[in-house]
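Asker: In full-length UniProt numbering, the protein residues as written are 1 to 309.
What follows is the structure, given as structure tokens:
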């Protein structure tokens with residue numbers, strides 16, 4: 001009989017591209033992973049991996065086995081969810097992956113509420129700019145607070161369930177010209193920013209790609225003066241008058257002194273914040289509690305998700 005732990009190792013190696021990377025992810029030694037994969041190869045009687053430059057790739061038999069492994073692992077999780085649903089209680093551990101721009105206004109309030117409502121639940125939070133949906137499919141995280149920019153192609157891995165939380169537009173941020181902050185009701189044309197000194201995230205990030213694409217739709221390619229994914233740095237440069245920033249509304253503290261914000265009128269850049277989990281037929285009480293807390297925190301600050309026209 002096949003060992004489910006070895007199947008999960010095979011899936012992780014296929015996703016990471018090497019035994020060393022998979023071992024780091026699994027918090028095991030590379031030798032231990034190699035030993036388990038050798039045992040799996042012995043169980044099935046055929047090679048499952050082959051060298052591919054500096055990485056490894058699945059053989060044809062490995063691809064076939066991985067297809068079945070995905071279904072087996074999904075069935076195991078379904079069984080765990082069904083038992084948890086019968087118990088009807090929130091568990092003791094969960095791992096949440098979230099974007100830095102969501103921590104202050106959504107993640108922190110949600111975790112505070114979870115601590116009050118479910119004191120037995122310890123949530124480990126991974127804060128990173130990089131998309132974590134692959135980590136969700138590999139089981140290293142349980143809930144992802146992610147984003148999708150409406151004008152970019154949508155890519156959601158198979159087996160992932162997405163719950164919309166909030167539509168969150170990017171605002172134009174400039175120096176307020178005084179000690180206080182404010183919101184300008186007058187919209188700004190994105191094309192008018194072509195002459196501004198801009199601070200933008202790197203083009204390798206989702207936000208950087210979204211800004212680049214929107215600017216090109218507005219008729220120009222931005223040549224930023226400053227490039228950083230650090231929103232605190234973006235706001236500092238805007239406050240000093242050195243640059244104009246484009247920052248998600250949720251990431252801006254209204255009490256931040258010395259800045260002024262304005263909406264974009266001609267080519268709005270808007271992201272959908274969502275909570276994602278692995279798709280199961282039966283709701284897991286623990287992940288459901290985390291998503292409910294995230295949804296409540298998002299609702300308290302901004303208008304709920306509305307599909308784009």
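Backbone N, C-alpha and C define an ideal beta-carbon position, used for all residues, glycine too.
Which word fits residue 309, buried or exposed, when buried means at least 16 other C-beta atoms lie within 10 angstroms of its C-beta?
Answerer: With a pLDDT of 40 at residue 309, under the threshold of 50, the predicted position of this residue should be treated as unreliable, though the coordinate-derived value follows. Classification for residue 309: exposed.
Asker: Check whether the Cβ atoms of residue 315 and residue 99 lie closer than 8 Å to each other.
Answerer: Only positions 1 to 309 of the chain appear in the structure, and residue 315 is not among them; the question remains open.
Asker: Can you tell me whether residue 291 is helix, strand or coil according to DSSP?
Answerer: helix
Asker: Enumerate in chain order the residues of its own chain whose CB-to-CB distance from residue 30 is below 6 Å, with the five nearest sequence positions on each side excluded.
Answerer: 19, 20 and 23
Asker: Note the first and the last residue of the continuous beta strand (DSSP E) segment covering residue 58.
Answerer: 55-58
Asker: According to DSSP, which residues form a beta bridge with residue 274?
Answerer: 146 and 164
Asker: Can you grab the Cα-Cα spacing for the pair residue 274 / residue 143, in whole Å?
Answerer: 10 Å
Asker: Could you say which of 125, 196, 265 and 103 lies nearest to residue 225 if we only look at CA atoms?
Answerer: The option with the nearest alpha carbon to residue 225 is 196.
Asker: Taking the continuous alpha helix (DSSP H) assigned at residue 313, which residues delimit it?
Answerer: It is not possible to answer for residue 313, since the shown part of the chain is limited to 1 through 309.
Asker: With a cut-off of 8 Å on the beta carbons, I'd call residue 229 and residue 237 a contact; round off their distance for me.
Answerer: With 8 Å as the limit, residue 229 and residue 237 do not qualify as a contact, their Cβ atoms being about 13 Å apart.
Asker: I need the DSSP call for residue 50, collapsed to helix, strand or coil.
Answerer: In this structure, residue 50 counts as strand in the three-state DSSP scheme.
Asker: Going straight from the alpha carbon of residue 123 to that of residue 281, what length do you get?
Answerer: 23 Å
Asker: Determine contact between the region 289-296 and the region 161-174, defined as no fewer than three beta-carbon pairs at a distance below 8 Å.
Answerer: They touch, by the three-pair rule.
Asker: Reducing DSSP to helix, strand and coil, say where residue 121 ends up.
Answerer: coil
Asker: Are the beta-carbon atoms of residue 26 and residue 12 separated by less than 8 Å?
Answerer: In this structure, residue 26 lies near residue 12, with their beta-carbon atoms less than 8 Å apart.
Asker: Classify residue 101 as buried or exposed, calling it buried when 16 or more other Cβ atoms lie within 10 Å of its own Cβ.
Answerer: Answer is buried; the Cβ neighbour count reaches 16.
Asker: Roughly how many angstroms separate the alpha carbons of residue 174 and residue 109, rounded to a whole number?
Answerer: Taken atom to atom, the span from the alpha-carbon of residue 174 to that of residue 109 is near 27 Å.
Asker: Determine the extent of the beta strand (DSSP E) in which residue 245 is found, giving its start and end residues.
Answerer: Start and end: 244-248.
Asker: Is it the case that the Cβ atoms of residue 103 and residue 141 are separated by a distance below 8 Å?
Answerer: no
Asker: Taking the beta carbon of residue 76 as the centre, do at least 16 other beta carbons fall within 10 Å, making it buried, or is it exposed?
Answerer: exposed
Asker: Classify residue 178 as helix, strand or coil using the three-state DSSP reduction.
Answerer: Per-residue confidence for residue 178 stands at a pLDDT of 48, beneath the threshold of 50, marking its modelled position as unreliable; the derived number appears in the next sentence. Residue state, collapsed to three classes: coil.
Asker: For my contact list, residue 47 and residue 61 are in at a C-beta cut-off of 8 Å; report their separation, rounded to the angstrom.
Answerer: 7 Å
Asker: Apart from the five residues on each side of it in sequence, which residues of its chain come closer than 6 Å, Cβ to Cβ, to residue 5?
Answerer: none
Asker: Confirm, please, whether the CB-CB distance from residue 290 to residue 94 is below 8 Å.
Answerer: Contact: yes.
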